[in-house]
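Numbering (my numbering), first residue to last: 722 to 1241. Structure first, then comments.
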């Protein structure tokens, strides 16, 4: 399967998930709002999600997939599947014990992850209760990540990519039933998280069986490959999840701020995650097994080609998305969330956070390609060095902006964006020293054209906002007007950018046909 086809598959499935996710977030904002119960639930969601993304989908996937792919290439299906089954058994046992211990120690854990909740008579006990409900999601989704990695290595990208759709649909169903048998909407959402873990794991297991891949639970054996997997995972825990660790650090710091701050970060991040998910996840998921195979075969020309095309696609999609969210953040937030329990002030605060997050989006998407290049070479040490530096930088700058700059919750988002660019610069310097991969002429030329097209789009967005601001802002603004404003801004901006990349030759119909036909 070609990189373009694989990315299109993952991006398409991820797009469905994001659409369902937006429906969930709109409903959540309307019913839950941005108060104490919302803060408690978002902490309960963030903790298992952090471990899942860093250890399950992060460190484990980026360590497991290259090893599994290498075994497929060099030792065949039987040995590779034996390795996968052994890893599955060890994961299930280890994470079951870890999950039980964390749930028992949740009162103490909460003092670490949300120290600002300690003296809050509502948020502290509620966050403990809800997190105990959601935490088993870590175990279930880590197993799902292993099964998804096996399928991805066999060029079956759709099942793992569509699994999050089940998560969002389950959350919507539980939220709609929140008035029936649940103490608060937060309780309904927490049980929705728990249930969705079983559904996603069950679907991936069924897909493994349907594909006739003999991955089964085995008696755990700490053989050579498992030891290597664990060795790679150690530094990979930080290296693979630096963005999520930064976001988690944001939440810890935000717990020290007034009620609602965690909610503002959550809603802004949800919008920021749309392009990050569609582009970053698609590129990383599709690129890792392909780049791993090329490097295992020592095909350096193909490796460099895949690296450059991955970066090119990232910039092509992420730069205009960042410009759009930066310029049109308020109309988008207002149209999606400003109704029900979500007030105008909530929309203004969320907009300020989203604008800051958008500044770092291109960096975090590009980092996904750089990280994949290191992981494909089974190097998880270099990314961790960069990640540690960036995480410490993020925390220091956030605290400085809050307590010295008096920037409040916006300072947290600004620090996260700055940490993303620092990570990109440091990874680029490390890769340049090793001379493994380099920018080709096509990437350099198209990057300039993409930036020019984004500039033209920004001019359109600023000009159009000035003309139609009455549609989405002020007493005369209606929800219909807000939706119309977003349609004009997003649709027109996309048209301007599309015209720019076509006229400058970044996109050619012939190239698209060639990629789809030949798998370039």
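Backbone N, C-alpha and C define an ideal beta-carbon position, used for all residues, glycine too.
query                                                                                                                        : result
Cutoff 8 Å; reference residue 872; Cβ partners in own chain excluding five residues on either side                           : 878, 880, 881, 925, 928, 929, 932, 934
Residue 1186 classed as buried or exposed, judged by whether at least 16 other C-beta atoms fall within 10 angstroms         : buried
Beta-carbon spacing of residue 1024, residue 1016 below 7 Å                                                                  : yes
Burial state of residue 823 (16 or more Cβ within 10 Å)                                                                      : buried
Which of helix, strand or coil DSSP assigns to residue 850                                                                   : helix
For residue 945, the nearest candidate out of 1056, 1038, 807, 1115 (CA to CA)                                               : 807
Nonlocal neighbours in the same chain, by C-beta distance under 6 Å from residue 1174, ignoring five residues either side    : 1218, 1221, 1222
Residue range of the unbroken alpha helix (DSSP H) whose run includes residue 922                                            : 906–931
Residue 1194 (DSSP reduced to helix, strand or coil)                                                                         : coil
Three or more C-beta pairs below 8 Å linking the stretch 1044–1056 and the stretch 1196–1204                                 : yes
Among 919, 854, 900, the one whose alpha carbon lies nearest that of residue 885                                             : 919
Sequence-distant residues of its chain with Cβ nearer than 7 Å to residue 950 (five each side left out)                      : 784, 785, 788, 808
Distance, residue 1189 Cα to residue 1109 Cα                                                                                 : 45 Å
Coarse secondary structure for residue 837, derived from DSSP in three states                                                : helix
Euclidean distance between Cα positions of residue 1246 and residue 971                                                      : Outside the shown range of the chain (722 to 1241) lies residue 1246, about which nothing can therefore be said.
Member of 1037, 1133, 1078 whose CA lies at the smallest distance from the CA of residue 1215                                : 1037
Boundaries (first-last residue) of the alpha helix (DSSP H) holding residue 1035                                             : 1021–1048
Residue 867 beta carbon less than 7 Å from that of residue 922                                                               : no
Pairwise C-alpha distance: residue 938 and residue 947                                                                       : 15 Å
Close-in-space but distant-in-sequence residues of the same chain around residue 1225 (CB under 8 Å, 5 per side omitted)     : 1170, 1173, 1174
Nearest residue (CA-CA) to residue 887, options 895, 864, 917                                                                : 917
Local conformation of residue 901 per DSSP, three classes                                                                    : coil
Nearest residue (CA-CA) to residue 1046, options 906, 1152, 1183, 799                                                        : 1183
Within 7 Å, strictly: CB atoms of residue 1085 and residue 1126                                                              : no
Reference residue 1148; option with closest CA among 1083, 1105, 857                                                         : 1105
Residue from 1075, 769, 1090 with nearest C-alpha to residue 1028                                                            : 1090
First through last residue of the alpha helix (DSSP H) which encompasses residue 866                                         : 858–874
Residue 827 vs residue 852 beta-carbon contact at 7 Å                                                                        : yes
Continuous alpha helix (DSSP H) stretch holding residue 1200: start and end                                                  : 1200–1224
Neighbourhood of residue 843 by C-beta distance below 6 Å, restricted to the same chain and skipping five residues each side : 757
Where the alpha helix (DSSP H) through residue 1311 begins and ends                                                          : As displayed, the chain neither begins before 722 nor continues past 1241, which places residue 1311 out of reach and without an answer.
Three-state secondary structure (DSSP) of residue 937                                                                        : coil
For residue 1077, the three-state DSSP class (helix, strand or coil)                                                         : helix
Minimum C-alpha distance to residue 1093 - residue among 1030, 1121, 770, 1063                                               : 1030
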